[in-house]
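Each residue of the sequence shown is one higher than the one before, counting from 49 in my numbering.
By construction, the Cβ of each residue, glycine as well, lies at the ideal position given by its N, Cα and C atoms.
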Amino acid sequence: MITLDYANCLDERVGEHGLPAASIADGAPAATAAAGFTTNLEKTRGVGWERWRSLPFSPMRDDHVHAVSSIVEQCAGRFDNLIVLGIGGSALGNIALQSALNPATHNLLSAEQRRGPRLFVLDNVDPNAISDVLQFVDSVGGLERTLINVISKSGETAETAAQFMLFRQLLIDRIGREKHAEHIVATTDPARGTMRQICEAEGYVTLSVPDGVGGRFSVLSPVGLFSAAMCGIDIGALLDGAAAMDERCSRAALSENPAAMLATLLVRLGRERGKENHVLMPYANNLYLLADWFRQLWAESLGKRVNNAGDEVFEGFTPIKALGATDQHSQVQLYREGPNDKVIGLIEIEDFGQASAMEIPSGIGVENLSYLEGARFSSLLNAEKRATEFALVESQRPNFTIRFPRVNEFHVGEFIQLWQIATAYAGLMLEIDAFDQPAVELGKQATFGLMGREGYAEFREKTDAALAPTNFVV
Ligand code: PA5
């Protein structure tokens with residue numbers, strides 16, 4: 049199982065920048081509060097906006113695995129390319145799973161070497177990015193060998209809608225009106241929304257984003273499971289890991305509950321010690337984009353103007369992603385000597401699998417480099433992680449380590465559920481709604497106005513008035 053080592057968040061290691069161990073010990077107010085998060089879980093899990101907590105468990109899990117697997121089976125052998133269209137919570141999980149659990153070279157491998165089709169996740173409307181993928185796909189089988197998975201819970205999101213309109217038209221042009229639907233799987237709300245209407249009218253195959261599962265909490269639903277399963281990822285093991293972590297995070301004792309501990313440390317260090325920037329720094333390239341997924345989860349869930357009572361509180365912490373050891377040569381100078389306003393989360397991998405044994409050869413013949421001869425790359429990377437941890441402690445910078453025995457589906461599932469539950473618990477501590485995103489709305493409405501959508505003209509006028517040209521340009 050993955051573990052959370054938080055000794056470096058305590059004052060015995062980082063002085064006044066840490067928390068006293070007694071303040072989080074069993075019986076302390078923080079521990080009693082954390083126990084409150086788990087009270088009545090049997091009744092609240094799977095209810096309202098916490099429905100995502102049921103995703104790893106039957107019956108939801110069985111329904112989703114069955115629906116996903118039967119479409120994957122129907123697609124077998126028919127597609128060389130899978131293009132996911134989505135944004136935010138409808139894309140970041142897909143990207144993170146693929147990058148964590150398939151080789152970085154997945155799309156470069158031959159069909160025999162790959163575990164499924166090439167995967168492209170288009171999560172922006174940059175015309176260059178779209179055109180690059182289109183041109184490449186055209187050179188490797190074309191849209192005739194391509195499946196589109198459009199993911200939008202609301203079906204209203206302008207970026208995803210625009211991409212979908214393009215790919216749908218291209219499919220119709222190349223494959224024909226009748227057959228184009230065989231190249232589309234839509235993941236959307238089971239009953240409502242624009243995308244659902246389109247799917248019903250066109251007869252597209254659909255997967256559901258269940259009620260109460262918001263975008264950034266949806267990676268373990270068909271949103272993330274379909275592209276993962278298409279690309280050979282064992283979604284059963286992923287959900288097993290999430291379920292196992294959920295069990296640990298349901299325990300009343302703070303000392304036995306990793307999500308409650310993570311939330312308690314980060315919220316208290318943020319509020320009581322001014323550590324409002326939260327870095328996640330995996331010492332593993334394949335986990336870097338999981339740190340990107342974490343950024344959305346932590347930022348969009350906890351960054352709130354008002355609390356549950358309606359008081360203006362401007363809560364939230366700034367999540368930052370970094371990569372060890374690469375960013376030791378880019379960010380660690382700041383983390384050690386800049387403002388002491390961060391908690392740095394390090395991720396360590398104990399066993400790098402087949403690559404663990406890769407050695408640095410002997411024979412360079414230079415005295416200064418002889419210490420590297422015969423050493424394993426994995427040992428060098430983990431020594432660098434430990435050295436950074438030491439250096440951070442020396443500078444009294446609070447940090448913690450999430451330790452993976454190895455990177456596989458089970459442990460990635462544990463990691464995802466750990467952070468999702470920690471985010472929900474942090475929301476309870478901050479007394480804010482972790483499941484809405486009201487601040488994202490104004491930008492969406494202004495975009496509608498600027499693009500001429502009926503009913504949104506006032507947002508165009510307001511935008512133009514607020515951003516009227518000035519002379520302050522050089
Ligand atoms: O986390 C969220 O709720 C958002 O990031 C959404 O996932 C994102 O805005 C896309 O929304 P939709 O799936 O409705 O297109």
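- DSSP, reduced to helix, strand and coil, places G393 within a strand of the structure shown.
- With a cutoff of 7 Å, K201 counts as near ligand 1, since its C-beta is closer than that to a heavy atom of the ligand.
- According to DSSP, residue pairing for E363 in a beta bridge involves K352.
- Look at R225 here: in three-state DSSP terms it is coil, with no helix or strand label.
- Under DSSP, the beta-bridge partners assigned to P330 are I395.
- DSSP, read as helix, strand or coil, puts N142 in helix.
- In this structure, G263 has its CB closer than 7 Å to one or more heavy atoms of ligand 1.
- The Cβ-Cβ distance between A291 and F105 falls below 8 Å.
- Between C57 and F448 the beta-carbon gap is near 6 Å, inside 8 Å, which marks them as a contact.
- Ligand 1 approaches S138 closely enough that one of its heavy atoms is under 7 Å from the residue's Cβ.
- Taking each of K510, I50, H65 and R61 in turn and checking the Cα distance to R316, the smallest one comes out for H65.
- For T374, the secondary structure class from DSSP, reduced to helix, strand or coil, is helix.
- Burial state of T436 is buried, judged by a 10 Å Cβ sphere holding 16 or more other Cβ atoms.
- Excluding residues up to 5 positions away in sequence, G263, R264 and S266 lie with their Cβ nearer than 6 Å to the Cβ of G137 in the same chain.
- Short of 7 Å from the beta carbon of A431, and not among the five residues preceding or following it, lies no beta carbon of its own chain.
- For F85, the CB contacts under 7 Å within the same chain, skipping 5 residues up- and downstream, are A308, Y473 and L476 in chain order.
- In this structure, Q468 places its C-beta atom within 8 Å of the C-beta atom of W100.
- Distance from the Cα of D171 is smallest, within the candidate group E304, N197 and H154, for N197.
- With respect to A332, V521 sits apart: the two C-beta atoms are not nearer than 8 Å.
- Taking C-beta atoms under 8 Å as the contact rule, A482 and S349 qualify, at a distance of about 4 Å.
- The Cβ atoms of V327 and I392 sit closer than 8 Å to each other.
- By the Cβ-count criterion, Q381 is exposed, with fewer than 16 other Cβ atoms from all chains shown falling within 10 Å of its own Cβ.
- Taking the CA atoms as reference points, L314 sits about 18 Å from D340.
- Within the stretch 227-272, complete beta strand (DSSP E) segments of at least 3 residues are found at 232-236 and 253-256, given in chain order.
- Excluding five sequence positions before and after A69, the CB atoms of its chain that fall closer than 6 Å to its own CB belong to L58, given in chain order.
- The beta carbons of N142 and V169 sit closer together than 8 Å.
- A Cβ-Cβ distance of about 5 Å is found for the pair V116 and L273, placing them in contact under the 8 Å criterion.
- In this chain, the alpha helix (DSSP H) harbouring L286 covers I283 to R296.
- Here Y336 really is in contact with K369; their C-beta atoms are around 7 Å apart, less than 8 Å.
- Per DSSP, the beta bridge partners of L58 are L67.
- Cβ-Cβ distances below 8 Å link I220 to H228 in the same chain, with the five nearest sequence neighbours on each side left out; the list follows chain order.
- Take E407, set aside five residues on each side of it, and the residues of its chain with a beta-carbon closer than 8 Å to its own are G422, A423, R424 and F425, in chain order.
- Looking at the DSSP output, D53 bridges to T449.
- A residue is called buried once 16 or more other Cβ atoms fall within 10 Å of its Cβ, and I480 is buried on that count.
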